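In what follows, a structure is listed as structure tokens, so that the remarks can point back to it.
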DNA sequence: CAGGTGACATGAG
DNA sequence: ACTCATGCCACCT
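Numbering (this note's numbering), first residue to last: 10 to 118.
Structural data, given as structure tokens:
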């Protein structure tokens with residue numbers, strides 16, 4: 010991943026935890042989505058799903074970080090830019106993600 | 001230092 | 001399948 014990005018995030022006032030979340034999010038491949046829970050697990054905090062949401066909310070670089078690829082565990086979009094996740098669904102659908110009735114059609118464990 | 005908040009998860013009813 | 005109640009974590013005031 011881009012190490013300079015990490016530095017920028019730190020400079021932006023993000024903590025290590027936050028940076029880890031944003032980095033993990035930036036690694037999500039196009040056409041794929043990941044749940045807040047999955048992100049939490051990836052960074053080594055399996056129960057910090059809420060904290061993950063907090064991190065994405067503070068995301069200073071929405072262009073670099075595809076925060077729209079992060080959804081809830083039940084397939085719902087959650088919130089985006091402080092509003093309903095309708096925008097998220099649109100973007101995801103455009104990237105080839107299967108959407109059903111406004112809900113992301115991903116394999117649930 | 002203590003209390004409140006939020007882009008969440010899960011189980012129970 | 002739906003709604004409510006609790007639990008968890010990091011951050012902010």
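Idealized CB from N, CA, C, for every residue including glycine. Since the structure is predicted, the reported quantities are computational estimates derived from the model, not experimental observations.
For residue i, three-class secondary structure by DSSP
i	result
residue 109	strand
residue 44	strand
Of the listed residues the options, nearest to residue i (C-alpha basis)
i	options	result
residue 75	35, 16, 89, 109	35
residue 46	63, 105, 38, 39	63
residue 14	110, 107, 72	72
Exposure label - residue i; buried when at least 16 CB within 10 Å
i	result
residue 94	buried
residue 78	buried
residue 48	buried
residue 19	exposed
residue 80	buried
residue 42	buried
residue 44	buried
residue 12	exposed
residue 68	buried
* Would the segment 22-35 and the segment 80-97 be scored as touching if the rule is three or more Cβ pairs under 8 angstroms? -> Touching, no.
* Return the chain-ordered ranges of every alpha helix (DSSP H) run that is complete within the segment 80-106 and spans a minimum of 4 residues. => 95-103
* Meets three-Cβ-pair contact criterion under 8 angstroms: the segment 30-39 and the segment 52-69 -> yes
* Are the segment 95-105 and the segment 55-68 touching, with three or more C-beta to C-beta distances below 8 angstroms? -> At 8 angstroms Cβ cutoff, the stretches do not touch.
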